[in-house]
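Number of protein chains: 2
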Amino acid sequence: MSNETPTSTATLPDTTPHPDDDLIRSGRDAAATRRALVRAARRRFATDGYRATTVRQIAADAGVNVALINRYFVSKEGLFEACMLRTSDELDTQTRTPHRPSDVAEVIDKLIEHVVNSPDGDDPLQLLLLLRSSGDENADRIRRRTMEHFTRQLAAAAGWRADDPQTAPILLRAQLAIATMLGVVMLRTSAAVHPVASASAHDLAEPLGQVFRALLAG
Amino acid sequence: MSNETPTSTATLPDTTPHPDDDLIRSGRDAAATRRALVRAARRRFATDGYRATTVRQIAADAGVNVALINRYFVSKEGLFEACMLRTSDELDTQTRTPHRPSDVAEVIDKLIEHVVNSPDGDDPLQLLLLLRSSGDENADRIRRRTMEHFTRQLAAAAGWRADDPQTAPILLRAQLAIATMLGVVMLRTSAAVHPVASASAHDLAEPLGQVFRALLAG
DNA sequence: TCGTGATGTAAGCAATCGCTGACTTGTCGA
DNA sequence: TCGACAAGTCAGCGATTGCTTACATCACGA
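Protein chains in written order, with the working numbering: chain W, 1 to 218; chain X, 219 to 436.
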């Protein structure tokens, strides 16, 4: 249990409102503190799970006093819910097809890119978070809604129409593609199983592309 | 939290050594007690995760006193390790290709059957357990070894040979198939995301078959 | 019949968890 | 300059956790 406490950079008088200073800030900025907490919490929740991460760990990662978690997010579950909401938002803006609908090939490339960025990237952590559960009904509802929203976006790119029952199988196929993504990211990040954990982006691109095309194209 | 305590059958003088009486037994049989504990523990660990399940829950599910967990398995982690070992054994005997090697179609049908049995079946719980981690090094090593052994078995059926480096990509493809299995089971069982959680076996068979064939056949 | 080891039971300890309340410190407008 | 409020700190509470110890009970051979 490497409790990596920030050694240096803890006492420097950084008063400049740097826009992306998430971990390790210097105080008196509620908004920045909240962001730092969500950022640190999401990392812990995604990698270690809800129960395994303690609020003291999160606070230490963010360089913040523990009591502030309850002040800003009421409870640990409230913080988890905030993580879910932020992930839901980011995932929505990232996966929204901006211009051309039904450009399946382009969407598939995006999916592959998300997967191969694991285990080092930050995006796959968002996906992992969607698999975590706190037992809280609110957070679980957000998670389900996010996942189903993500499914509909992907399915729409593959030709699914909400008003056409004949395209219903596409919805299921899109969700199977998401399940594949989640499974691969899980094996690469959390389980660290080889060879998939050590495979390069180039190694993964071809077989993943075949899977996604088998599910979404045609 | 339905704490299903055994109502009846708890006081009957069942002295017959029934071979499969796992949950709810009547005492004075150490082997049966151990089996009941492993059975109950695996269920909890697979569905709720390691940290979220308490030894008191497991003992209650098995109808056994809490102290027996430490007596028979030393610690909670020891019980988790026993669950991993049992799952590893069962998975090994189940997936071992008995007669004909390289019969890919038959193996694929087995994989599909494993997946569609979720979320009600008991087999998918074994798979879910492989995604759980206790933080214990021993259990994690067993898990990785099991997963990689499973990968090699599946890859061998698809034409992979350990002594032929040219078939190395097949190994990765087999593991991607396993990742897909795990992802789908996760979404069906733990996350309960629709439509995949409510899809019938018939709905899943076709797209899953396409995915597995894209990865393993050819 | 009785004693001995195996099996099961009950109570509680030490550690850790999330969380709270009282307090201090910094910031900023009047 | 100073008061008022937000932001952050600190110590500790009640509850729960895994685990241990001492005790009770059953099976079984001499």
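Virtual Cβ for every residue (Gly too), placed ideally from N, Cα, C.
Quick caveat: nothing in here was measured; it's all calculated off a predicted structure.
query: Whole-angstrom distance between W/A168 and W/L215, CA atom to CA atom; result: 13 Å
query: X/A300 CB to nearest heavy atom of the ligand ZN below 7 Å; result: The ligand ZN is absent from the structure shown, which contains no ligands of any kind.
query: Contact residues within the segment 87–118 of chain W, judged by C-beta distance below 7 Å to chain X; result: none
query: Within-8 Å CB hit, W/G121 to chain X; result: no
query: Cutoff 8 Å: W/E81 Cβ touching any chain X Cβ; result: no
query: Collapsed DSSP secondary structure at W/H114 in the structure displayed; result: helix
query: Residue-chain proximity (W/L172, chain X), Cβ-Cβ < 8 Å; result: yes
query: Where X/D338 falls, given that 16 or more other Cβ within 10 Å makes a residue buried; result: exposed
query: Ordered list of beta strand (DSSP E) runs contained in the segment 28–77 of chain W, each at least 3 residues; result: none
query: Spatial distance of X/L343 from X/S336 (CA atoms); result: 8 Å
query: CB contact below 8 Å: W/G159 versus chain X; result: no
query: Short-range partners of chain X found in the segment 186–209 of chain W, where Cβ spacing is below 8 Å; result: M186, L187, S190, A191, A192, V193, H194, P195, V196, A199, D203, L204, P207, L208
query: Supposed close pair X/A329, X/M399 - CB separation, criterion 8 Å; result: The residue asked about is misnamed: residue 329 of chain X is Leu in this sequence, not Ala. Confirmed, about 6 Å.
query: Partner residues on chain W for X/R361, Cβ-Cβ distance less than 9 Å; result: A191, V193
query: Under the three-state DSSP convention, the category X/S408 falls into; result: helix
query: Residue of W/R213, W/V184, W/A217, W/A191 minimising C-alpha distance to W/A201; result: W/V184
query: Minimum Cβ-Cβ distance from X/V273 to chain W less than 8 Å; result: no
query: 8 Å Cβ cutoff met for X/E366 and W/H194; result: yes
query: Three-state secondary structure assigned by DSSP to X/G377; result: coil
query: Residue range of the alpha helix (DSSP H) that includes W/D203; result: 201–216
query: Any C-beta of chain X under 8 Å from that of W/M84; result: no
query: Min CB distance X/T398 to chain W below 8 Å; result: yes
query: W/T146 and W/S88 closer than 8 Å at C-beta; result: yes
query: Through-space distance from X/A375 to X/L405, alpha-carbon basis; result: 27 Å
query: X/S306 in three-state terms, based on DSSP; result: helix
query: Cross-chain neighbours of W/Q153 in chain X, by beta carbon under 7 Å; result: Under the 7 Å cutoff, chain X gives no residues; its nearest Cβ is about 14 Å from W/Q153.
query: Beta-carbon separation (whole angstroms), X/A264 vs X/R350, contact threshold 8 Å; result: 7 Å
query: Neighbouring residues, chain W, relative to X/S293 (Cβ below 7 Å); result: Correct list: empty, because the minimum Cβ distance to chain W is about 17 Å.
query: W/R51: contacting residues in chain X (beta-carbon distance under 7 Å); result: G267, R269, A270
query: Close Cβ partners of W/S134 (< 6 Å) along its chain, the five nearest in sequence each way excluded; result: Y50, E77, F80
query: Beta-carbon contacts of W/L85 that lie in its chain and below 7 Å, excluding the five residues immediately before and after; result: I142
query: Cβ of W/Q175 within 8 Å of any chain X Cβ; result: yes
query: Any chain W beta carbon closer than 8 Å to X/E366; result: yes
query: Chain W residues whose Cβ lies nearer than 8 Å to that of X/L433; result: P207, Q210, V211
query: Distance between W/A174 and X/P383 (C-alpha atoms, nearest Å); result: 34 Å
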